[in-house]
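In the UniProt record's numbering, the protein residues as written are 1 to 480. Data first, discussion second: the structure below is written as structure tokens.
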């Protein structure tokens, strides 16, 4: 259970934002090394999106059957519980950090509770960002129909709600999440007639030594492939869903073959009946908190922006570290390694050489994976003028085209000002990449906003005092 620290006048050695694989590994390792830590997360329980728990009321007795690598999580959770009892780590659940400021260290401001009913502030000498990622969506006609969910959303429904989005589910998009989601869904009893992968997997063959250096990844892929073969799931390469059909709910999809730039090839369309569609094109690092502070970023091979870190996971800002998907999407194994490395760096200790080498191998694989599944420039060929691109503000591809062609918009920000695309509740997380592509301008950096998450206006007027008191003092360990 979460605990409350005792001394409001002091602060932590390390505040870890995010309790997924990277954040958990960092918090328990830092505590092992003698640091006093706060572990903040928006969820009520640890694990993040990767180790998502079934709702307590469902009475699930074997949640590990829905996860890959569940034993690693239970081991981390047990270590966290021991450190919590000993007073070395405070798990601050349902804390969404919306901004941070330098104040003789760091002062983090967060909303607290499932309805963000109050505000809290936490002081720390150092901060580690382990905020994870969210799914990249590329729109197509019919993608707003009920029954169309993201690939990660389908997994979340299964892991947390023990329900399926449908009985006959088509999976489409690009990236390894598709295979993992399909494997989970068929194991739970769903019929998956097709997994449509827009890429062709040939990118992995261009550097065969990289995947060979991480045999665990190859074994994981083999497990998913075996599950698909066992359930007679067809894997179609260079194929995409270009339209979803239905009125009150999706009833079928049209698939089309793609050329090397992801343009649909005329005459290759075919329709498949389904009652659900799970679609996604990989993940995007969630870095809004760091970019608003001015942390340097880098462009990953799939066109996303990630935080730039050194070999010790240090960002360009003193006292700010990052680990896991914030540094470029690479999966749980890489997140665990980077979280542990960051903890050693914050503590001023040298990690085992094997850990550093493992991180390097896994990061190289992540870069190769990103390049292999990079969206092609021709995907807007799926769209029609009436296709909604921004779902929150109901902005269509036609309106974005008018802003560009008739009004002279040459970048995503100008399109936003002219059409409101990206101004809705999700703040562009769903439509941002698509709007940027349709705007046609050169994207030189990630979108920046002063608040990382929505905040009630009443909380913005409150003074930034630590009403969630911080821990019993800072250790004198180095900041790196």
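All residues carry an ideal CB built from backbone N, CA and C; glycine is no exception.
Can you name, in chain order, every residue of its own chain whose Cβ lies under 6 Å from the Cβ of residue 235, other than the five neighbours on each side? By one-based count along the chain shown, residue 235 stands at place 235. Here the set comprises 195.
How about residue 306 and residue 327: do their beta carbons lie closer than 7 Å? For the purposes of this step, residue 306 is taken as the residue at position 306 of the chain shown. For the purposes of this step, residue 327 is taken as the residue at position 327 of the chain shown. Yes, Cβ-Cβ distance for residue 306 and residue 327 is below 7 Å.
Exposed or buried, which one is residue 448 when buried takes at least 16 other CB atoms within 10 Å? Here residue 448 is taken as the residue at index 448 of the chain shown, counted from 1. It counts as exposed.
Using 10 angstroms around the beta-carbon of residue 30, count the other beta-carbons present and answer buried if the total reaches 16, otherwise exposed. Counting from 1 along the chain shown, the entry for residue 30 is found at position 30. Buried, because 16 or more other Cβ atoms sit within 10 Å of the Cβ of residue 30.
Keeping to the same chain, check which residues put their C-beta closer than 6 Å to that of residue 79; ignore five residues upstream and five downstream. As a working note, residue 79 is residue 79 in the chain shown. Excluding positions up to five away in sequence, the list reads 28.
Rounded separation between residue 12 and residue 39 - CA only: For this step, residue 12 is matched to residue 12 along the chain shown. For this step, residue 39 is matched to residue 39 along the chain shown. Rounded to whole angstroms, residue 12 to residue 39 spans 10 Å at the Cα level.
Within its chain, find whatever has a CB closer than 7 Å to the CB of residue 60; leave out the 5 residues flanking it on each side and keep chain order. Position 60 of the chain shown, counted from the first residue, corresponds to residue 60. 54, 162.
Check whether residue 147 and residue 270 have beta carbons under 7 Å apart: Along the chain shown, read from residue 1 onward, the residue named residue 147 stands at position 147. Along the chain shown, read from residue 1 onward, the residue named residue 270 stands at position 270. No, these two residues do not count as a Cβ contact at 7 Å.
Please name the residue, chosen from 124, 362, 241, that lies closest to residue 218 on a Cα-to-Cα basis. Along the chain shown, one-based indexing puts residue 218 at 218. Ranking the options by Cα distance to residue 218, first place goes to 362.
Can you name the start and end residues of the beta strand (DSSP E) that residue 367 belongs to? Walking along the chain shown from the start, residue 367 turns up at place 367. Not the beta strand (DSSP E): residue 367 falls in the alpha helix (DSSP H), residues 353 to 372.
Chain-order list of residues whose beta-carbon lies under 6 Å from that of residue 231 (same chain, five-residue window excluded): Residue 231 sits at position 231 when you count from the first residue of the chain shown. These residues qualify, in order along the chain: 186.
Should residue 282 go down as buried or exposed, given a rule of 16 or more other Cβ atoms within 10 Å for buried? As a working mapping, residue 282 is identified with position 282 in the chain shown. So residue 282 ends up on the buried side.
Kindly provide the ranges of any beta strand (DSSP E) runs that are 3 or more residues long and lie completely inside the segment 420 to 444, ordered along the chain. none
Could you check whether residue 133 and residue 285 sit closer than 7 Å to each other, using their CB atoms as the reference points? To locate residue 285, count along the chain shown from 1; it is residue 285. To locate residue 133, count along the chain shown from 1; it is residue 133. Their beta carbons are under 7 Å apart, which means residue 285 touches residue 133 by this criterion.
Inter-residue Cα distance where the pair is residue 450 and residue 427: In the chain shown, the residue the question calls residue 450 occupies position 450. In the chain shown, the residue the question calls residue 427 occupies position 427. Answer to the nearest angstrom: the Cα atoms are 12 Å apart.
Under the DSSP definition of a beta bridge, which residues are partnered with residue 350? Your numbering for residue 350 matches position 350 in the chain shown. Beta-bridge pairing links residue 350 to no other residue.
Take residue 293 and list the residues in its own chain whose beta-carbon comes closer than 8 Å to its own, dropping the five residues that flank it on each side. For the purposes of this step, residue 293 is taken as residue 293 along the chain shown, with counting starting at 1. Taken in chain order, the residues that qualify are 100, 317, 320.
Please identify the residue among 336, 351, 19, 330 whose C-alpha is closest to the C-alpha of residue 364. Mapped onto the chain shown, residue 364 falls at position 364. Minimum Cα distance to residue 364 is reached at 330.
Based on Cα-Cα distance, which residue from 233, 221, 119 lies nearest to residue 169? Stepping through the chain shown from its first residue, residue 169 is reached at position 169. Ranking the options by Cα distance to residue 169, first place goes to 233.
Of the residues 124, 367, 93, 366, which one's Cα is nearest the Cα of residue 114? For the purposes of this step, residue 114 is identified with residue 114 of the chain shown, where counting begins at 1. Answer by Cα proximity: 93.
Three-state class that DSSP yields for residue 128 in the structure shown: On the chain shown, residue 128 is found 128 positions in, with the first residue counted as 1. Strand, per DSSP.
Using the Cα positions of residue 406 and residue 206, report the straight-line distance between them to the nearest angstrom. Along the chain shown, one-based indexing puts residue 406 at 406. Along the chain shown, one-based indexing puts residue 206 at 206. Going by the C-alpha atoms only, they are around 43 Å apart.
Check whether the segment 411 to 421 touches the segment 245 to 265, taking contact to mean three or more Cβ pairs, one atom from each stretch, closer than 8 Å. no
Can you name, in chain order, every residue of its own chain whose Cβ lies under 7 Å from the Cβ of residue 98, other than the five neighbours on each side? Translated into the one-based positions of the chain shown, residue 98 becomes position 98. Once the five neighbours on either side are set aside, the close Cβ partners of residue 98 are 109, 110, 111, 451, 452, 453, 455.
Collapsed DSSP secondary structure at residue 333 in the structure displayed: Stepping through the chain shown from its first residue, residue 333 is reached at position 333. Residue 333 falls in the helix class under three-state DSSP.
Within 10 angstroms of its Cβ, does residue 63 collect 16 or more other Cβ (buried), or is it exposed? Start at 1 with the first residue of the chain shown, and residue 63 comes out as number 63. It counts as buried.
DSSP three-state label for residue 296, please. Taking the chain shown and counting its residues from 1, the one referred to as residue 296 is at position 296. Residue 296: coil per DSSP, three-state reduction.
The beta strand (DSSP E) with residue 285 in it runs from where to where? For this step, residue 285 is matched to residue 285 along the chain shown. Its beta strand (DSSP E) spans residues 283 to 285.
Which two residues bound the contiguous alpha helix (DSSP H) that contains residue 228? Within the chain shown, numbered from 1, the residue matching residue 228 stands at position 228. Start and end: 215 to 230.
Where the alpha helix (DSSP H) through residue 83 begins and ends: One-based indexing of the chain shown puts residue 83 at position 83. If you look at residue 83, you'll find it in the alpha helix (DSSP H) that goes 70 to 85.
What does the alpha-carbon distance come out to for the pair residue 322 and residue 51? Indexing the chain shown from 1 puts residue 322 at position 322. Indexing the chain shown from 1 puts residue 51 at position 51. Those two C-alpha atoms are separated by around 19 Å.
Within its chain, find whatever has a CB closer than 7 Å to the CB of residue 15; leave out the 5 residues flanking it on each side and keep chain order. For this step, residue 15 is matched to residue 15 along the chain shown. Once the five neighbours on either side are set aside, the close Cβ partners of residue 15 are 38, 40, 106, 108, 122, 124, 127.
Where does residue 20 sit, in a helix, a strand or coil, going by DSSP? Walking along the chain shown from the start, residue 20 turns up at place 20. Coil, per DSSP.
Comparing C-alpha positions only, which one of 67, 240, 266, 304 sits nearest to residue 277? For this step, residue 277 is matched to residue 277 along the chain shown. When only C-alpha atoms are compared, the closest one is 240.
If contacts are defined as beta-carbon pairs under 8 Å, then residue 439 and residue 397 qualify, I think. What distance do you get, rounded to the angstrom? If you number the chain shown from 1, residue 439 lands on position 439. If you number the chain shown from 1, residue 397 lands on position 397. So it is not a contact: roughly 12 Å between Cβ atoms.
Out of 244, 227, 202, 76, point me to the one whose CA is closest to residue 149's CA. The residue given as residue 149 occupies position 149 in the chain shown. When only C-alpha atoms are compared, the closest one is 244.
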